[in-house]
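Below is one structure, written out as structure tokens, with a few remarks after it.
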Amino acid sequence: MSEATVADTRRLNSKPQDLTDAYGPPSNFLEIDVYDPQTIGVGRNRFTTYEVRMRTNLPIFKLKESCVRRRYSDFEWLKNELERDSKIVVPPLPGKALKRQLPFRGDEGIFEESFIEERRAGLEQFINRIAGHPLAQNERCLHMFLQEESIDRNYIPGKV
Amino acid sequence: MSFFSFGQTAEIDVVLNDAETRKKAEHKTEDGKKDKYFLFYDGETVSGKVNVTLKNPGKRLEHQGIKVEFIGQIELYYDRGNHHEFVSLVKDLARPGEMAQSQTFDFEFTHVEKPYESYTGQNVKLRYFLRATISRRLNDVCKEMDIVVHTLSTYPELNTSIKMEVGIEDCLHIEFEYNKSKYHLKDVIVGKIYFLLVRIKIKHMEIDIIKRETTGTGPNVYHENDTIAKYEIMDGAPVRGESIPIRLFLAGYEMTPTMRDVNKKFSVRYYLNLVLIDEEERRYFKQQEITLWRKGDIVRKSMSHQAAIASQRFEGSASAEKALSQAKEDDN
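Given below as structure tokens:
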């Protein structure tokens, strides 16, 4: 047995938490749903659009709720813009499925229900991951993608 | 050992005078194993005997001199040929000549300066050792005995706490505080993380202890980082106004004191890394250096002596004095 002094392990003093902060709504609410796939057009000029609905209380987004229609190539455009302008590692999109676009397939190719569902889930995961990134939230292309009716491909890239 | 000699061969070994009483300390070897070595402090005398044993009785041993050295050296693994000796003491034990029989030589290195702590790292090694050598024409006979040196410090006069507000604009603001900036190796890090603004979805938070070994100078500086510990301090999403306590006991981890620019060859520094991980596995971190130092061991008192001191507080002087003298007798 030595005469060692017991280490002082008492907690440091801290301010008591305000109850409105403790029980109020969290300030990090951000939810994006990708749903309701609709195939538009006929024959070889068909394409699928998805509804992208966002609900948030983050002050960086101008609208607390928004709802737009987007197609796969719009998601590709967003990915390319972010890869070029921001310093983040952009998560992958679900596949382009070029094989499915070749003729003489037994099934509906890219308009097959199971494929659309797989793609929808992948796009939802992609947009949630990217919209939650603090650096991506600074890019104008993300805000335009989520909250403006249509994407202006001739926009001037920049930060909000 | 030469198989074809008809002459004499000898064995040499080194024994310390205080081998019975001197404490040993564990030290990691280069290949990761742990061994025990005699423990020395700065200023202590290193004394002992060198035994030269002749293998073939009756034959004489011709030699060019017998000596013992005390060496402190730094070895960089990428430059093994060059040893940087910062302590080098020699004692000549025998002049060149002949030895007719086995002999023992006394030696003493008085009050040897041992300015740095023994260190075995990823890219550099600092060691102290005794080396006894019989010089001969063709091949020397030599034996090395490694010792371990610890450098001790006392509680620093100035030991301010570390308190800082950091974050990402409009996204995450925290204030972190650690109770000290200098900790001894068996200390406790007491701190807290206070959340001022949380606009990201945090999953959990941890504190890592990182050891950074720096070797080389100028353009050839090389840092080797090693995460010694990962300690989760929060699981779940915090909100504004929440305060998360930190209590991290250092005694459980294998660490050395902070070594800054040792002999201008290398440094070993320690950092606390506060890491927040969000729902998408994104990591937000803040690194802060801490200074580690080694505290000397307290002299141990026997149990009965301890009991006697305790009774002194309760019973009053007369019976306590009797107990104390009894305890002293028991010790002897």
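Going down the list, the protein sequences come from chains F and L. full-length UniProt numbering numbers the first residue of the first sequence as 1 and each following residue consecutively. full-length UniProt numbering numbers the first residue of the second sequence as 1 and each following residue consecutively. Note that the Cβ used here is the ideal one computed from N, Cα and C, for glycine as well. These figures come from a predicted structure and were not determined experimentally.
Beta-carbon spacing of residue i, residue j below 7 Å
i	j	result
F249 (chain L)	V188 (chain L)	yes
K91 (chain L)	F107 (chain L)	yes
I210 (chain L)	I12 (chain L)	no
N17 (chain L)	G65 (chain L)	no
P37 (chain F)	R105 (chain F)	no
S267 (chain L)	M255 (chain L)	no
A19 (chain L)	V141 (chain L)	no
R137 (chain F)	L63 (chain F)	For clarity, residue 137 (chain F) is Gln in the given sequence; the question names Arg instead. The answer is no: Cβ separation not under 7 Å.
H133 (chain F)	I60 (chain F)	no
D170 (chain L)	N273 (chain L)	no
V14 (chain L)	V50 (chain L)	yes
V112 (chain L)	V46 (chain L)	yes
K34 (chain L)	K24 (chain L)	no
P26 (chain F)	V221 (chain L)	no
Where the beta strand (DSSP E) through residue i begins and ends
i	result
M145 (chain L)	141 to 149
H204 (chain L)	202 to 215
M99 (chain L)	97 to 99
D278 (chain L)	266 to 278
residue 334 (chain L)	Lying before the first or after the last residue shown, residue 334 (chain L) is absent from chain L, which here runs from 1 to 332.
L126 (chain L)	124 to 134
L61 (chain L)	61 to 63
L197 (chain L)	188 to 198
F176 (chain L)	172 to 178
K230 (chain L)	222 to 235
A25 (chain L)	24 to 28
residue 166 (chain F)	The structure shown does not extend to residue 166 (chain F), since chain F spans only 1 to 160, so no value can be given for it.
K182 (chain L)	182 to 184
Limits of the alpha helix (DSSP H) - the one that residue i falls within
i	result
S66 (chain F)	Premise fails: S66 (chain F) lies in the beta strand (DSSP E), 65 to 71, not in any alpha helix (DSSP H).
H111 (chain L)	No alpha helix (DSSP H) contains H111 (chain L), which DSSP labels as neither H nor E.
Y23 (chain F)	19 to 23
H133 (chain F)	Looking at the DSSP string, H133 (chain F) is not in any alpha helix (DSSP H), and its letter there is neither H nor E.
F145 (chain F)	140 to 147
Reference residue i, options the options, closest by Cα
i	options	result
L69 (chain L)	L:F109, L:H84, L:G81	Here the sequence assigns Glu to residue 69 (chain L), which means Leu is not the residue at that position. Of L:F109, L:H84, L:G81, the residue nearest in Cα terms is L:F109.
R137 (chain L)	L:V198, L:T215, L:Q8	L:Q8
T215 (chain L)	L:V262, L:E206, L:G252, L:I200	L:V262
A229 (chain L)	L:K33, L:N82, L:Y253, L:I147	L:Y253
G122 (chain F)	F:P91, F:Q137, F:R100	F:P91
V42 (chain F)	F:M144, F:F111, F:K79, F:I130	F:F111
N225 (chain L)	L:Y231, L:L185, L:R269	L:R269
R70 (chain F)	F:D18, F:K79, F:T48, F:K87	F:T48
residue 351 (chain L)	L:K23, L:H84, L:T217, L:P156	Nothing can be reported for residue 351 (chain L): it is not among the residues displayed for chain L, which extend from 1 to 332.
T160 (chain L)	L:E26, L:K23, L:E289, L:E279	L:E289
K295 (chain L)	L:R240, L:E280, L:T154	L:T154
Q122 (chain L)	L:N139, L:L76, L:I162	L:L76
Y72 (chain F)	F:Y155, F:F126, F:A22, F:Y23	F:F126
Bridge-paired residues (DSSP) for residue i
i	result
H84 (chain L)	L:I74
S153 (chain L)	L:K295
M259 (chain L)	L:V268
A41 (chain L)	The sequence as given places Tyr at residue 41 (chain L); Ala does not occur at that position. Y41 (chain L) pairs with nothing; no bridge assigned.
L16 (chain L)	L:G48
V166 (chain L)	L:I174
V42 (chain F)	According to DSSP, which records beta bridges pairwise, V42 (chain F) is partnered with nothing at all.
L54 (chain L)	L:A10
F285 (chain L)	L:V275
L30 (chain F)	F:T56
K67 (chain L)	L:D92, L:T133
Segment contact flag, the region 37 to 44 of chain L with the region 56 to 75 of chain L, C-beta cutoff 8 Å, min 3 pairs: Contact fails: fewer than three Cβ-Cβ distances are below 8 Å.
The region 115 to 124 of chain L in contact with the region 98 to 105 of chain L per 3-pair CB rule at 8 Å: Fewer than three beta-carbon pairs drawn from the region 115 to 124 of chain L and the region 98 to 105 of chain L are found closer than 8 Å, and the two stretches are therefore not classed as touching.
Three or more C-beta pairs below 8 Å linking the region 160 to 179 of chain L and the region 191 to 200 of chain L: Contact between the region 160 to 179 of chain L and the region 191 to 200 of chain L is present, because at least three Cβ pairs lie under 8 Å.
Touch test, the region 51 to 67 of chain F against the region 19 to 35 of chain F, Cβ-Cβ under 8 Å, three pairs minimum: The region 51 to 67 of chain F is in contact with the region 19 to 35 of chain F.
contact_flag[the region 75 to 87 of chain F, the region 108 to 115 of chain F] where n(CB pairs < 8 Å) is 3 or more: In this structure the region 75 to 87 of chain F does not touch the region 108 to 115 of chain F; the number of beta carbon pairs closer than 8 Å is below three.
Three-pair Cβ contact test at 8 Å for the region 218 to 236 of chain L versus the region 200 to 207 of chain L: A contact exists between the region 218 to 236 of chain L and the region 200 to 207 of chain L.
Stretch-stretch touch, CB-based, cutoff 8 Å, three pairs: the region 86 to 101 of chain F with the region 238 to 245 of chain L: Counting Cβ pairs under 8 Å, fewer than three are found: no touch.
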